[in-house]
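Take this note's numbering: the last position of the sequence shown gets the number 807, and nothing is skipped along the way.
One structure below.
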Amino acid sequence: MFRIGMQPRRRDWLGASALCLVLAATPAIAQDTAASPPGDISTREVLDTPASSGDIIVTARKKDERLLDVPVAVTALGSADLNRYASTSLSKIGEQIPQVAFDKVGGGGNGATFSVRGVGSASGDKGIEQTVAVNIDGVQSSRGKLSILSFFDVQQVEVLKGPQALFFGKNSPGGVISVRSVDPGRTLEGYARAGYEFKANERFVEGAIGGPLSDTLGLRIALRGSKQRGWIRNNAVAGPSPFDPANPLVPADRYAPAEKNVLGRATLLWKPTEDFSANLKVFLADVKENNETAWQVKCGPGTVPSDFGVPDPNNDCKVDGNRSAGALPPAVAQGYPGARDGQPYADTRAALSSLTLNYDAGPLGVTSVTGFYIFNTKPFDNFDGTVFARQVGFNPERTRSFSEELRVASSFDGPLDFTAGAYFETQKRHSAGYGTTGDFTADPRNGQTNTWSRLDRATTDTYSVFGQLSYAITDTLDLTGGARYTNERKKLNIGNAFINTGQFLAPGVPAAVLFLPEGIFIDTSRSDNNVSPEATLTWKPRQNLMIYGAYKSGFKSGGLSSSSILAASATRENLRFRPEKAKGGEIGAKGEFFDRRFTITAAIYRYTYTDLQSTSFDAVNFAFRIKNAGAARTTGAEIDLQLRVSEALRLTAAAGYNRARYTDFVGADCYAGQTVAQGCINGLQDLTGEQLPRAPNFAGNAGFIYDSPITEGIGLGLTGNAAYTDSYWINTTNNPLARQGNFWRLNASVRLHETDDKWELAFIGRNLTNKYYGVYAPDKPGDGVGQVLIGTARPRELLLQGTVRF
């Protein structure tokens, strides 16, 4: 047993020093197993084994392995890590990990932007999928809309960094977020939790109960409901409209983003024999919001928030939790599809099911994962950021997806093993975009007050096969190599079903000149084929020390643009964009020292990306644009340190340096108002050598976790964490107004609990300095020059939470 002041063993110092020289780590925040939720069969089976007590188990290679044995850059957050700061969404999970960001973004696109090590996809087009994939209970998705769903009753979240083509299907050259929910346990057990967050007036209740229905069948039911007022105040004032005296200004809701969530999951686990199991999970969500994104306006010098030159007197032009936002007047809303009463809203319903079958046939294990996914969303919002609400849009989407993965893995007695499999997915998406250029004159044919109605139907079929060979060269040295072949076929039918004949941009200039003519629908398609190989050499000189080197490649298919606006210039050819590809490698190490009290995980990496898919919004010509950047490179280092000072106190620290730069992006779009002197020539600029969006050079955090009895039967838990992030761009055109400066986030919590964790009362503080920082910033429609819309992360949260376990 290592004690403070005791002379450490020489080999521990040498091993720890060697790891520090690697200079990088994949943060792997150790989970507090004592506070893990009940019902986690697989984890408790591992923890019940004395030789592996306290190990973190991950599935980065689609099998249960110790984190220290996996030659992959992966962060593992257990249930205690998530509960410690009430991390119930992808955005909050990303805040716990340096160089990782998962942010919800509205605006009629795919709903979010995910970024790992500075590599991610913009959100302004439904046709673009995320470079970082989400895998929930074995079902893969690249749709950003998943970010709005809350996560609860979760066993573990794993964030895999860098290309993950081999084991995680398609579209993962930037990384994978893997979420595993809790399974039924061997005894009847569960929990109930309720909480209140003071700043947003948020209330929630959640709970789960599960256990055996028979000797072979288990069931777990988990439910969550929440409601919040919102944390951004609307200062808009009703009054006469300078644009339309017959329709006075109507303020939107006083606070945003207001939400109501009802979520549920049922898990049925059947294990009739020791060799076979079937696990069925069905997740349902009903989410209601009062906007897509609570935009705030940020202005340049000498500029005030305005629409078509008319200033908004109640908009302070600061990112400070105040805004001025309007709704549609009722008379205009009556003729606007999807506008209801004119107030912004977003209604979403989703269902996700997975069926996992496992069969152990001696030296071979066979796994089948069948997934089904439904997503329906109807968002209507104000996108001009002012009380005038001259730029509104209704952007519904309905997506259906079915997938099947079959894989076989060996466990022979000899040095050679293999994993092989096949994957299929089919997806259908129907979406639409109803918008306006700022004129609400009714069309004389049908009374519609919107300017255009764009409709599309899209299908995607994906086929892939993959395989890996693993050879034990010696007892301590392993070599693995494999590849995935992918064929993806996409089709799109898109057009404007309606263009308002009564609306004009200026006298004699009809609005129709901006858009593809009414009734013309374009059929376009593309097919992509790719082989993504990888190879890893792993050396384990001792039980709790591993060093590896890996070559990896990744692929995300090309696509077909489906933005909410279909411009007059649209053709079959220019709606297509090319696939992204990645190749490179990393060297990493993971080790535990001083009787497993001190943990270091580290990696250095370098990857080259070609044809990164980039989207931008042209506020002057009122159009979304998508194109491929020629090439980009990420070079970086990460390190994670953990020290268990005593049974009561643990210290943590993680840091990442990441140089993510375009190496070839000559034809990037300009931002609104960019001049020739500022590098804009014929609407294009050269961003070669510039920093990628959402890619800070440095990010890190440090904190402590303390838990100790204070009386017989009652314990006190304290946590604190400080996180720093360097400055970064929050749009794709490098508009100077869209540069987020460096900032700190401070989190802390205190909890009283029974020592066996039967009950707990916690007070949790997140972002205690109340920092408003931007996550996305398009040029503002209406008056794009000198103004941007800012979508921000959540500011200060003060949460009181109580939990009872049984």
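Note that beta-carbon positions come from the ideal geometry of N, C-alpha and C, so glycine has one too.
Taking the alpha-carbon positions, what's the Val-466 to Asn-172 distance? Mapped onto the sequence shown, residue 466 falls at position 465. Mapped onto the sequence shown, residue 172 falls at position 171. Inter-residue distance for Val-466 and Asn-172 is about 14 Å (C-alpha atoms, whole angstroms).
- [ ] Specify whether the region 495-506 and the region 437-457 touch according to this definition: at least 3 beta carbon pairs, one from each stretch, less than 8 Å apart.
- [x] As far as the Cβ criterion goes, the region 495-506 touches the region 437-457, which means the pair count is three or higher.
message = Quick check: Val-251 and Ala-267, are their CB atoms within less than 9 Å of each other?
response = Working through the sequence shown from its first residue, we reach residue 251 at position 250. Working through the sequence shown from its first residue, we reach residue 267 at position 266. Contact: no.
- Message: Tell me the rounded alpha-carbon separation between Asn-291 and Ile-566.
- Response: The residue labelled residue 291 in the question sits at position 290 within the sequence shown. The residue labelled residue 566 in the question sits at position 565 within the sequence shown. Rounded to the nearest whole angstrom, the CA to CA distance from Asn-291 to Ile-566 is 23 Å.
Give me the Cα-Cα distance between Pro-364 and Val-160, rounded to the nearest whole angstrom.
As a working mapping, residue 364 is identified with position 363 in the sequence shown. As a working mapping, residue 160 is identified with position 159 in the sequence shown. Rounded to whole angstroms, Pro-364 and Val-160 show a C-alpha spacing of 30 Å.
ask   = Roughly how far, in whole angstroms, is the beta-carbon of Ser-142 from the beta-carbon of Val-135, given that I think they are within contact range, below 8 Å?
value = As a working note, residue 142 is residue 141 in the sequence shown. As a working note, residue 135 is residue 134 in the sequence shown. The C-beta distance from Ser-142 to Val-135 rounds to 5 Å, short enough to fall under 8 Å.
- prompt: What is the residue span of the alpha helix (DSSP H) that Lys-289 lies within?
  reply: Here the question's residue 289 lines up with position 288 in the sequence shown. Where Lys-289 is concerned, there is no enclosing alpha helix (DSSP H), although the beta strand (DSSP E) it sits in stretches over 277-290.
Practice task
Select from Thr-217, Ser-354, Leu-78, Ala-498 the residue whose C-alpha is nearest the C-alpha of Asp-276.
Solution key: On the sequence shown, position 275 is the one that residue 276 refers to. Checking every option, the nearest Cα to that of Asp-276 belongs to Thr-217.
Open item on the list: For the structure I just gave you, are there three or more beta carbon pairs, one from the region 381-399 and one from the region 338-346, closer than 8 Å?
Closed with: Touching, yes.
Q) What distance in whole Å lies between the Cβ atoms of Ala-223 and Gly-209, which are believed to be in contact at a cut-off of 8 Å? A) Mapped onto the sequence shown, residue 209 falls at position 208. Mapped onto the sequence shown, residue 223 falls at position 222. Per the sequence shown, the amino acid found at residue 209 is Ala instead of Gly. In this structure, Ala-209 and Ala-223 form a Cβ contact; the two beta carbons are roughly 4 Å apart against a cut-off of 8 Å.
Quiz item: Measuring CB to CB, does Gly-787 end up less than 9 Å from Gly-310?
Solution: To locate residue 787, count along the sequence shown from 1; it is residue 786. To locate residue 310, count along the sequence shown from 1; it is residue 309. For Gly-787 and Gly-310, no; Cβs fall outside 9 Å.
Around the Cβ of Gly-6, are there at least 16 other Cβ atoms within 10 angstroms (buried) or fewer (exposed)?
-> Translated into the one-based positions of the sequence shown, residue 6 becomes position 5. With a pLDDT of only 34 at Gly-6, under the threshold of 50, the placement of this residue in the model should not be trusted; the figure read from the coordinates follows. Around the C-beta of Gly-6, fewer than 16 other C-beta atoms lie within 10 Å, and the residue is accordingly described as exposed.
Determine, using beta carbons only, whether Asp-184 and Gly-226 come nearer to each other than 9 Å. Here residue 184 refers to the residue found at position 183 of the sequence shown. Here residue 226 refers to the residue found at position 225 of the sequence shown. Judged by their CB atoms, Asp-184 and Gly-226 are not nearer to each other than the 9 Å cut-off.
Option in Ala-201, Phe-169, Val-288, Pro-258 with minimal Cα separation from Phe-152: Here residue 152 is taken as the residue at index 151 of the sequence shown, counted from 1. Minimum Cα distance to Phe-152 is reached at Val-288.
Requested in this report: Using only alpha-carbon positions, find the residue among Thr-274, Glu-398, Ser-242 that is nearest to Pro-330.
Outcome: Sequence index remark: in the sequence shown, residue 330 carries index 329 (1-based). For Pro-330, the nearest C-alpha among the options comes from Ser-242.
Next item on the list: Use the C-beta contact count for Gly-657: other C-beta atoms within 10 angstroms, 16 or more gives buried, fewer gives exposed.
Entry: The residue given as residue 657 occupies position 656 in the sequence shown. Counting Cβ neighbours within 10 Å, Gly-657 comes out buried, since at least 16 surround it.
Item to complete: Throw me the rounded Cβ distance for the Arg-579 and Asn-629 pair, which I believe falls under 8 Å.
Response: The residue labelled residue 579 in the question sits at position 578 within the sequence shown. The residue labelled residue 629 in the question sits at position 628 within the sequence shown. Indeed, because the Cβ distance is near 5 Å, the residues count as touching under 8 Å.
Check the C-beta distance from Arg-695 over to Gly-119 and give it rounded, since I have them as a contact under 8 Å.
Stepping through the sequence shown from its first residue, residue 695 is reached at position 694. Stepping through the sequence shown from its first residue, residue 119 is reached at position 118. Right, the Cβ-Cβ distance comes to about 7 Å (below 8 Å), so this counts as a contact.
| request: Could you name each continuous beta strand (DSSP E) segment of 3 residues or more that falls completely within the region 612-644, going from the start of the chain to the end? | output: Positions of the beta strand (DSSP E) runs, each at least 3 residues long and wholly inside the region 612-644, cannot be given because no such run exists.
Worksheet item: Could you give the distance in angstroms between the alpha-carbon of Phe-682 and the alpha-carbon of Thr-676?
Response: Here residue 682 refers to the residue found at position 681 of the sequence shown. Here residue 676 refers to the residue found at position 675 of the sequence shown. Reading the sequence as shown, one finds Ile at residue 682 and not Phe. Cα to Cα, the separation comes out at about 8 Å.
Segment limits, alpha helix (DSSP H) that includes Ile-137
For the purposes of this step, residue 137 is taken as residue 136 along the sequence shown, with counting starting at 1. Unbroken run through Ile-137 is the beta strand (DSSP E), 133-137; no alpha helix (DSSP H).
- Task: Could you please give me the residues that DSSP links to Ala-334 through a beta bridge?
- Result: Numbered from its first residue, the sequence shown carries residue 334 at position 333. Ala-334 pairs with nothing; no bridge assigned.
Straight-line gap, Ser-404 to Gly-674 (C-alpha atoms, nearest Å)
For this step, residue 404 is matched to residue 403 along the sequence shown. For this step, residue 674 is matched to residue 673 along the sequence shown. Rounded to whole angstroms, Ser-404 to Gly-674 spans 45 Å at the Cα level.
Could you tell me if Asn-722 is buried or exposed, where buried requires 16 or more neighbouring beta carbons within 10 angstroms of its beta carbon? Translated into positions along the sequence shown, residue 722 becomes position 721. By the Cβ neighbour-count rule, Asn-722 is buried, with 16 or more other Cβ atoms within 10 Å of its own.
Exercise. Would you call the region 450-468 and the region 489-496 in contact, with 3 or more CB pairs under 8 Å?
Worked result: Under the three-pair Cβ rule at 8 Å, the region 450-468 counts as touching the region 489-496.
* To do: Name the residue from Lys-584, Gly-792, Asp-670 whose alpha carbon lies nearest to the alpha carbon of Leu-688.
  => Taking the sequence shown and counting its residues from 1, the one referred to as residue 688 is at position 687. Comparing Cα-Cα distances from Leu-688 to each of Lys-584, Gly-792, Asp-670, the minimum goes to Asp-670.
Using DSSP with H/G/I as helix, E/B as strand and the rest coil, what is Lys-93?
-> Looking up residue 93 in the sequence shown gives position 92. Assignment of Lys-93 by DSSP, reduced to helix, strand and coil, places it in the helix class.
- Query: Are the region 469-485 and the region 413-425 in contact at 8 Å, needing three or more beta carbon pairs?
  - Reply: Output reads yes: the region 413-425 touches the region 469-485.
- Query: Does DSSP classify Ser-242 as helix, strand or coil?
  - Reply: As a working note, residue 242 is residue 241 in the sequence shown. DSSP places Ser-242 in coil when its eight states are reduced to three.
query = Between the beta-carbon of Ile-627 and the beta-carbon of Ser-617, is there less than 9 Å?
reply = For the purposes of this step, residue 627 is taken as residue 626 along the sequence shown, with counting starting at 1. For the purposes of this step, residue 617 is taken as residue 616 along the sequence shown, with counting starting at 1. If you check the CB distance, Ile-627 and Ser-617 come in under 9 Å.
Which of helix, strand or coil DSSP assigns to Phe-807 | Taking the sequence shown and counting its residues from 1, the one referred to as residue 807 is at position 806. DSSP places Phe-807 in coil when its eight states are reduced to three.
Notebook entry, point to check: What does a CB cutoff of less than 6 Å around Phe-205 pick up in its chain, not counting 5 residues either side in sequence?
Noted result: Position 204 of the sequence shown, counted from the first residue, corresponds to residue 205. Excluding positions up to five away in sequence, the list reads Gly-196, Ser-227.
- Message: What residue range does the beta strand (DSSP E) around Ala-81 cover?
- Response: Stepping through the sequence shown from its first residue, residue 81 is reached at position 80. Here Ala-81 belongs to no beta strand (DSSP E); instead the alpha helix (DSSP H) covers 80-85.
### Message
Is it buried or exposed, Gly-483, if we count other Cβ atoms within 10 angstroms and call 16 or more buried?
### Response
Your numbering for residue 483 matches position 482 in the sequence shown. So Gly-483 counts as buried.
Notebook entry, point to check: Within 10 angstroms of its Cβ, does Glu-648 collect 16 or more other Cβ (buried), or is it exposed?
Noted result: Residue numbering aside, residue 648 sits at position 647 when the sequence shown is read from its first letter. That one is exposed.
- Query: Can you tell me the Cα-Cα spacing of Asp-385 and Ser-90, whole angstroms?
  - Reply: Taking the sequence shown and counting its residues from 1, the one referred to as residue 385 is at position 384. Taking the sequence shown and counting its residues from 1, the one referred to as residue 90 is at position 89. About 27 Å.
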